[in-house]
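Taking this note's numbering, the leading residue of the sequence shown gets 18, the next gets one more, and so forth.
Where a beta carbon is used, it is the ideal one built from N, C-alpha and C, also for glycine.
These notes concern the structure reproduced below.
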Amino acid sequence: MIEGLPAHGVPAEQVLAELRGLREADLPTHGGRLFAYVYDPDVPGLDELARAAYAISAHVNGLDPTAFPSLLAMENALVAAAGRLLGAGPATAAPAMVGSVTSGGTESLLLAVKAARDAATTREPRIVVPSTAHAAFAKAAHYLRVALDVVPVGDDLRADVAATAERIGPDTVLIAGSAPSYAHGVVDPIPELAALAAERGVRCHVDACFGGWVLPYLRRLGAGLPAFGFDVPGVTSVSVDLHKYAYAPKGVSLLLHRDASLRLPQYFAYADWPGYTMINPVVSSTRSGGPIAAALATLRHIGDDGYLALAAKTREAVSVLAAAVRAAEGVRLFAPPETTVVCLAAEPGVDLFVLADELAARGWHTQPQLAYAKLPPTLHLTVTAAVSATAADFAPDLTAAVAATRTRGPVALPPELVRTAGALTPEMVTPELIEGLAGGLGLGDGGTGPMAAVNTLLDAAPPALREALLAGFLSLLQRPAW
């Protein structure tokens with residue numbers, strides 16, 4: 018336990034040592050063996066540069082760009098860089114593209130929905146998204162009281178344009194597609210979706226948070242990927258995270274609009290009180306300039322040629338990992354590895370969640386994805402440039418992990434726990450019940466230990482119960498030590 022407010026101040030070096038000690042329990046953020054959460058380019062000196070840039074602007078407040086024009090200059094530079102990468106500029110139909118820096122992809126998607134909602138005249142706004150769209154769309158709909166119409170994807174895991182057309186109605190204010198989808202790494206048919214949106218007079222948002230910075234480089238390297246940016250008529254907004262494949266530190270995404278009129282409803286302004294007039298382009302008012310400065314430093318240091326080289330390394334790593342999955346008995350590729358994701362499923366006789374634990378025991382940290390509708394559970398591997406140095410080691414470890422998984426057999430939950438879980442409804446989930454389930458699953462105080470039993474239980478539950486159980490488990494972890 019660490020004391021947040023000691024009676025007497027602690028020396029700086031001791032504080033830093035304590036923080037380093039806490040970090041030792043985390044998964045490794047570098048080294049090319051963590052396939053989720055972090056993005057590692059393996060560029061020497063980049064971390065130090067980003068930290069130094071962050072420190073320069075850490076205490077600068079983005080609330081008022083007239084007081085701190087340095088941040089305004091940095092934001093405009095980031096937006097312009099992304100715009101050029103994503104097809105905007107004098108040579109396209111979008112010379113007046115504008116954008117805003119947000120804290121992450123979820124905020125970018127939330128603001129895209131807000132702008133569409135506030136620009137509409139309907140009192141019951143709705144958005145139409147494919148079932149593979151990021152969960153942040155559901156969060157935006159929940160927060161903003163917008164109805165969410167989810168359209169099942171086709172057998173190719175891509176948005177179904179015809180089914181989307183059937184769901185668009187008089188209250189639809191926005192449709193969306195992914196470039197690519199996070200779960201499977203495939204790109205939706207953005208030109209067709211955008212043409213449909215233009216025909217129906219609704220906005221079309223491209224969620225390129227995950228791949229928007231790397232897909233243009235993959236296309237330059239010869240990948241047969243469709244256009245998805247502002248060079249596609251009908252695309253009205255695009256989101257792209259710089260803390261993903263632009264390799265900036267966490268906390269920087271961009272929401273880009275084809276023109277300023279489309280962005281204007283995104284703003285919140287309020288003058289009817291005795292204080293300063295609040296005017297915010299994004300959700301936050303006070304914002305540290307640290308992440309923005311770190312992002313700009315990262316982009317300028319790596320440069321266009323550097324990003325092309327990093328994309329080439331990533332593409333090669335994807336190829337090596339995909340080949341390893343194809344060669345291993347007991348697993349199969351679930352989606353085409355066309356971008357930066359390797360998504361695999363298990364064959365009969367191999368428990369996917371046990372396999373995830375076996376891979377973790379060998380130093381490979383994947384992201385299990387639970388079954389959904391007709392889709393089986395899968396393992397998601399986000400591949401970054403750093404993986405190119407370790408990819409060749411994956412094949413033998415995957416083979417060994419599959420063999421160990423067969424030997425262990427599937428997870429066998431305690432019968433009493435199965436009976437209890439089988440009778441649950443979301444309304445029945447209480448803190449006391451969660452503590453009992455956690456004990457039955459052998460969970461301690463958190464951490465990164467074996468999770469096969471937990472994932473097996475969650476996989477058997479319907480989505481609404483999964484949500485309640487996971488919220489309860491997280492609440493159990495997020496308790497202060499008194």
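TODO: Report the partner residues of isoleucine 185 according to the DSSP bridge assignment.
DONE: None, per the DSSP bridge assignment.
TODO: Could you check what DSSP says for threonine 356 in three-state terms: helix, strand or coil?
DONE: coil
Task: Within 8 Å, strictly: CB atoms of histidine 274 and aspartate 224 - done: no
TODO: Would you check if the segment 76-85 and the segment 297-304 touch, i.e. whether three or more CB-CB distances between them fall below 8 Å?
DONE: yes
- [ ] Going by DSSP, name the residue or residues bridged to cysteine 221.
- [x] Ile192
Task: Residue from Val130, Ser405, Gly251 and Leu430 whose Cα sits closest to the Cα of lysine 330 - done: Ser405
TODO: Out of Glu444, Ala481 and Phe490, state which residue places its alpha-carbon closest to the alpha-carbon of glycine 456.
DONE: Phe490
Task: Cβ pair valine 168, arginine 184 closer than 8 Å - done: yes
Open item on the list: Helix, strand or coil for leucine 482? Go by DSSP, reduced to three states.
Closed with: helix
Open item on the list: Just to confirm, is the Cβ distance from threonine 253 to aspartate 188 under 8 Å?
Closed with: no
Task: Which of helix, strand or coil DSSP assigns to glutamine 495 - done: coil
Open item on the list: Going by C-alpha to C-alpha distance, which of Ala390, Val299, Gly228 and Met18 sits closest to glutamate 92?
Closed with: Val299
- [ ] Rank Leu398, Ala402, Leu486 and Pro23 by C-alpha distance to the C-alpha of methionine 328 and give the top, closest one.
- [x] Looking at the sequence provided, one finds alanine at residue 328 rather than methionine. Minimum Cα distance to alanine 328 is reached at Ala402.
Task: Which of helix, strand or coil DSSP assigns to glycine 62 - done: coil
Open item on the list: Could you give the first and the last residue of the continuous alpha helix (DSSP H) run that contains leucine 430?
Closed with: No alpha helix (DSSP H) contains leucine 430, which DSSP labels as neither H nor E.
Open item on the list: Measuring only the C-alpha atoms, how far is glutamate 346 from alanine 200?
Closed with: 23 Å
TODO: Evaluate histidine 277 with the Cβ neighbour count: other Cβ atoms within 10 Å of its Cβ, from every protein chain shown; 16 or more gives buried, anything less gives exposed.
DONE: The sequence given here has alanine at residue 277, not histidine. Exposed, since its Cβ has fewer than 16 Cβ neighbours within 10 Å.
Task: Whole-angstrom distance between histidine 382 and leucine 174, CA atom to CA atom - done: 24 Å
Open item on the list: For the structure I just gave you, are there three or more beta carbon pairs, one from the segment 412-430 and one from the segment 332-352, closer than 8 Å?
Closed with: yes
Open item on the list: If the criterion is Cβ atoms closer than 8 Å, does the pair leucine 95 and leucine 242 meet it?
Closed with: no
Task: Best match in Ala377, Ala344, Thr119 and Ala481 for proximity to methionine 469 [C-alpha to C-alpha] - done: For the record, residue 469 in the displayed sequence is alanine; it is not methionine. The shortest Cα separation from alanine 469 among Ala377, Ala344, Thr119 and Ala481 belongs to Ala377.
- [ ] Specify the secondary structure class of aspartate 258 as computed by DSSP and reduced to three states.
- [x] strand
Task: Extent of the continuous beta strand (DSSP E) run through valine 146 - done: 143-147
Open item on the list: If distances are taken between C-alpha atoms only, which option among Thr181, Ser74, Pro23 and Arg134 comes closest to proline 147?
Closed with: Thr181
Task: Backbone secondary structure at arginine 349 - three-state DSSP - done: strand
Task: At least three beta-carbon pairs within less than 8 Å, the segment 434-448 to the segment 469-480 - done: yes
TODO: State yes or no: is the C-beta of proline 427 within less than 8 Å of the C-beta of aspartate 368?
DONE: yes
Task: Selection from Pro282, Leu33 and His318 that minimises the alpha carbon distance to proline 58 - done: His318
Task: Own chain partners of threonine 422 with C-beta closer than 7 Å, once the 5 adjacent residues on each side are dropped - done: Val367, Asp368, Val371, Leu372 and Glu375
- [ ] Determine, using beta-carbon pairs with one atom in the segment 114-132 and one in the segment 259-270, whether at least three such pairs fall under 8 Å.
- [x] yes
Task: arginine 50 versus Lys391, Ala408, Leu127 and Pro208, residue with shortest Cα-Cα distance - done: Ala408
Task: threonine 399 - DSSP class collapsed to helix/strand/coil - done: strand
TODO: Could you tell me whether the segment 59-75 touches the segment 281-293, where touching means 3 or more Cβ pairs closer than 8 Å?
DONE: no
Task: Nearest residue (CA-CA) to glutamine 384, options Lys391, Ala390 and Leu396 - done: Leu396
TODO: Compute the Euclidean distance between the alpha carbons of arginine 237 and phenylalanine 247, then round it to the nearest angstrom.
DONE: 17 Å
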